[in-house]
Each structure stands twice: as structure tokens, then as C-alpha cells.
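Protein sequences, first through last, are from chains A and E.
By our numbering, the letter at position 111 of the first sequence is numbered 111, and the numbering carries on one by one without gaps.
By our numbering, the letter at position 81 of the second sequence is numbered 207, and the numbering carries on one by one without gaps.
Before any comments, here is the structure.
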Amino acid sequence: MLPPYAETLGLYADPEDAENCRLIMPFEDGVLGRPGFLHGGAISGLMEMAAIVALRHALADDGGGRIKPINVTVDFMRGGRDKLTYSRGIVTRLGNRVANVEATAWQDDPAKPIAAARMNYLVVRS
Amino acid sequence: MTTPPAFVFDPERFLKNGAGGHGRHLGLAYHAHGPNWLEMALPYDTRLIGDPDSGVIASGPILSMMDMAASMSVWLKLDNFRPHATLDLRVDYLRPATPGQTVFGRGECYRITRSIAFVRGQAHDGDPGDPLAHVAGTFMAPEGYF
């Protein structure tokens, strides 16, 4: 279940992803930055949501809990064009109190990301 | 012979309707500016909620606001417009934004080199002395700032 902000960005889970961890963002007016290109904030929002989805899955398999963002570092590599944008998060470490998550966003080729993010989350175990 | 007036970047005019697109969609608005800084406002909106249990807005809209405020602070310091792109942006989320409160974000450009501009910023929800986020980032002008 995605939060209202994800709906505001138009995000949905990729039905072709078996693990249900890949998100898609359609190119709409609401995510537009300079004419013809995605807004960097919308790409970042997509990656943060993908990171949270991945972390929720990992945490649910591990007993559950709540997550709070500590920080995010985003690298922008290419402009996002008028097409679908994909993102998936990868939990690189799920500790007792802190989780390290990476996410990338791409359009045509996952090997050629348009942006990448590293995020740290505080984990409150239930 | 008179030279044409130099271009003056007017952020208030630029941000009418939140600059359109994503900014308007989030409800971002102009708030204030100075010679090298710009402050924007993000009114509370249930569409921005990231944590339905608490009603706290997601971190993404704050990052969007800081990216825009920082970007425009470069043009203010430059006193000119040059196309540029965000190279990287780091946001430290010091505490959650209070549900119901407008979030204000200030971006400040403190250094511009030929092709890179360095920015920093803060966001708060009413008390600048109790910030909720700190930001550091860089922008790049492919054709140079000067």
C-alpha cells in the first residue's frame, strides 16, 4: 500500500516485477521540471518511495517495525525524458537500528540510470 | 548609445504557479529572496503524506522544494540566468515536519566556479531556529556560468 504522496507522483508497482519491488512513474505534468524533462525532485521522490518499499519488504520478513528517514544523497546522471521511469530499492544492510538502502531510477536500460540515491533509515523494531 | 538593460532574474515572477509542472502540483510557492538566497513555501497538503499513521508529509516534497530554492539561489548570486542541472543533493532529515504546518525551505548559493555552483540550505516549519532539514548540493552549468 503506497502513501498519498506516491499517488500524487502517479506511482504504481510494476506488474511485471515478480518481487513487487519495482515502481513505475508515468511522465505527466505533475512531475515535469524544465520543459520536456522530469523534475529532479520527482525522480528523488520516486527513488525514496522505491527505497521504502524495499525496506518495508525486508523488515516485514524480519519481524516488522517502523522506519524513519535520516538522510538521502542523490546523484543526477541524465535528464529524464517523456517516457516511463522505473526505480527499485536495494537494502544493502538491515541492522537493528539503522538500514542502508540504495535506489536507482532508469528509463530504457537499468544499466544506464538517470539518477541514483543512497539513503539511511532509522529502524524502530516492533 | 545606450546598452540594453541587463537581465534581472525575478524569482517571484518565475515562481507564479510554482513554476508550473511539479512545483505547482506540490503547491510550492515563492516566499522571499535575497542577493544569493531564495525561500519557498510548501503548504501542508494531505496529498503529500508519506506516513499515513502520523500524517507526516513525505521527505520527497521537501527535497523538491530545496532543489528548486537552491537552483534559483545560484541565478540570484550570478545575477543572471544560465541553464544548469543538479549534480548531487544531500538532505539530512533532522526531524519530521509537523502535520498541518507549512514548511519553508531556504536555498543559498555560497560559491560559483566556472562550471560548478555550491549550495546549502535549511527547511523549517515555523521556527528557523528549529530546522527540520539541512541540505548541501552542487549544480553544473554545461556551458559555464561565466
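Backbone N, C-alpha and C fix where the C-beta goes; we use that ideal spot for every residue, glycine too.
With respect to G45 of chain A, G30 of chain A sits apart: the two C-beta atoms are not nearer than 8 Å. Spatial neighbours of V134 of chain E in its own chain (CB-CB distance under 8 Å, excluding positions within 5 residues in sequence) are listed in chain order as D205. For L213 of chain E, the enclosing beta strand (DSSP E) starts and ends at 211–219. Restricting attention to alpha helix (DSSP H) runs no shorter than 4 residues, the region 131–161 of chain E encloses them at 137–140, 147–152, ordered along the chain. In the three-state DSSP reduction, D75 of chain A falls in the strand class (E or B). In this structure, G65 of chain A lies near R125 of chain A, with their beta-carbon atoms less than 8 Å apart.
Using a Cβ-Cβ cut-off of 8 Å, P4 of chain A counts as an interface residue toward chain E, since at least one Cβ of chain E sits closer than that to its own.
Of the candidates A:F27, A:A58, A:I67, A:R93, the residue whose Cα lies closest to the Cα of Y86 of chain A is A:F27.
In this structure, the beta-carbon distance from R240 of chain E to Y271 of chain E falls below 8 Å. Residue pairing of T85 of chain A in beta bridges, as defined by DSSP: A:M25.
Rounded to whole angstroms, the gap between the alpha carbons of A54 of chain A and Y121 of chain A is 12 Å. In summary, the residues of the region 205–227 of chain E whose CB is separated from some CB of chain A by less than 7 Å are A211, T212, L213, D214, L215, R216, V217, D218, Y219, in the order they occur in the chain. Residues of chain A with a Cβ closer than 8 Å to the Cβ of S241 of chain E do not exist; the shortest Cβ-Cβ separation is about 15 Å.
The straight-line gap separating the alpha-carbon atoms of L94 of chain A and A132 of chain E is approximately 54 Å. Listed along chain E, the residues sitting closer than 7 Å to T73 of chain A by beta-carbon distance are D214, R216.
Between the region 136–147 of chain E and the region 169–186 of chain E there are fewer than three inter-stretch CB-CB distances shorter than 8 Å, so the stretches are not counted as touching. Minimum Cα-Cα distance from M198 of chain E among the listed residues E:R173, E:T172, E:H159, E:P268 corresponds to E:H159. With respect to the 8 Å criterion, D214 of chain E and T104 of chain A are not classified as neighbours on the basis of their beta carbons. Boundaries of the alpha helix (DSSP H) harbouring T8 of chain A: 4–8, taken from the DSSP string. By DSSP's assignment, A103 of chain A forms a beta bridge with A:G89, A:A117.
By the 16-neighbour rule on beta-carbons within 10 angstroms, F230 of chain E is buried. Y5 of chain A is positioned such that its CB atom lies no closer than 8 Å to that of P225 of chain E. The three-state reading of DSSP puts K203 of chain E in helix, counting H, G and I together. In the three-state DSSP reduction, E48 of chain A falls in the helix class (H, G or I). Neighbours of T8 of chain A in chain E, taken as residues whose beta carbon is under 8 Å from its own, are H151, L152, R173, L174 in chain order.
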